[in-house]
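*Asks:* Please read through the structure below; I'll follow up with questions.
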Amino acid sequence: MCPPTSPSSKGSKTEQQPSDLTYSEARTLIRNRQKSTFKKKNNGYNPHEDALHQLTRHEQTIVFRLWTGHCGLNSHLKRIGIRQSALCHCGEADQTPDHFLQTRQLHCSERKHVWPTGTSLHTKLWGSTQDLEMTAHFVNIRGQRI
927 MCPPTSPSSK GSKTEQQPSD LTYSEARTLI RNRQKSTFKK KNNGYNPHED ALHQLTRHEQ
987 TIVFRLWTGH CGLNSHLKRI GIRQSALCHC GEADQTPDHF LQTRQLHCSE RKHVWPTGTS
1047 LHTKLWGSTQ DLEMTAHFVN IRGQRI
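Under this note's numbering, the letters of the sequence shown match residues 927 to 1072, in that order.
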């Protein structure tokens, strides 16, 4: 709650000036101003042109879960108390998105099929639309529930 001397409490007690704008027009003007300010602050970035927004909903879900680590991999399941261990079934390391996408030996042939030249984890998770589609495809061919 605002203290009684704050500008917002003073403004709430003053009479509003009449306006020729309808609510819908005012809302549109405010929204357009906010979009313009956002673009200026973020070098013209448009979230709707982001690589993630070009993916299907299923692909977006896979990539987002890998970004956050909130997924069906053992590292997350242990953290929330569902698994006793974060260790991968292969026994090499904890089953994290990094291990799953980059280093797990059991995925070597599929990884080479999807990424023949080798690709960094950053590119797999933050790259172009095509990079993200390849990541989602890799998860799907592995049959891993993310």
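Virtual Cβ for every residue (Gly too), placed ideally from N, Cα, C.
Because the structure is a prediction, the values reported are computed rather than measured.
Helix, strand or coil for D1020? Go by DSSP, reduced to three states.
*Replies:* strand
*Asks:* How is the alpha helix (DSSP H) around E1059 delimited, first residue to last?
*Replies:* 1055-1068
*Asks:* In terms of DSSP beta bridges, what is L1013 paired with?
*Replies:* Bridge partners of L1013 according to DSSP: D1020.
*Asks:* Is it right to say R1030 is buried, meaning 16 or more other beta carbons lie within 10 angstroms of its own, or is it exposed?
*Replies:* buried
*Asks:* Taking 7 Å as the threshold (C-beta atoms), are A1062 and E985 in contact?
*Replies:* yes
*Asks:* So does the stretch 1019-1039 actually touch the stretch 999-1006, counting three or more Cβ pairs closer than 8 Å?
*Replies:* yes
*Asks:* Distance, Cα to Cα, L955 vs S945?
*Replies:* 14 Å
*Asks:* I need the DSSP call for N1000, collapsed to helix, strand or coil.
*Replies:* Of the three classes helix, strand and coil, the one that applies to N1000 here is helix, per DSSP.
*Asks:* Secondary structure at E941, three-state DSSP: helix, strand or coil?
*Replies:* coil
*Asks:* State the Cα-Cα distance for the pair L992 and N972, rounded to the nearest angstrom.
*Replies:* 23 Å
*Asks:* Have a look at S1011 and E1018 and give me their C-alpha separation to the nearest angstrom.
*Replies:* 13 Å
*Asks:* Within the continuous alpha helix (DSSP H) that includes Q1028, where are the two ends?
*Replies:* No alpha helix (DSSP H) contains Q1028, which DSSP labels as neither H nor E.
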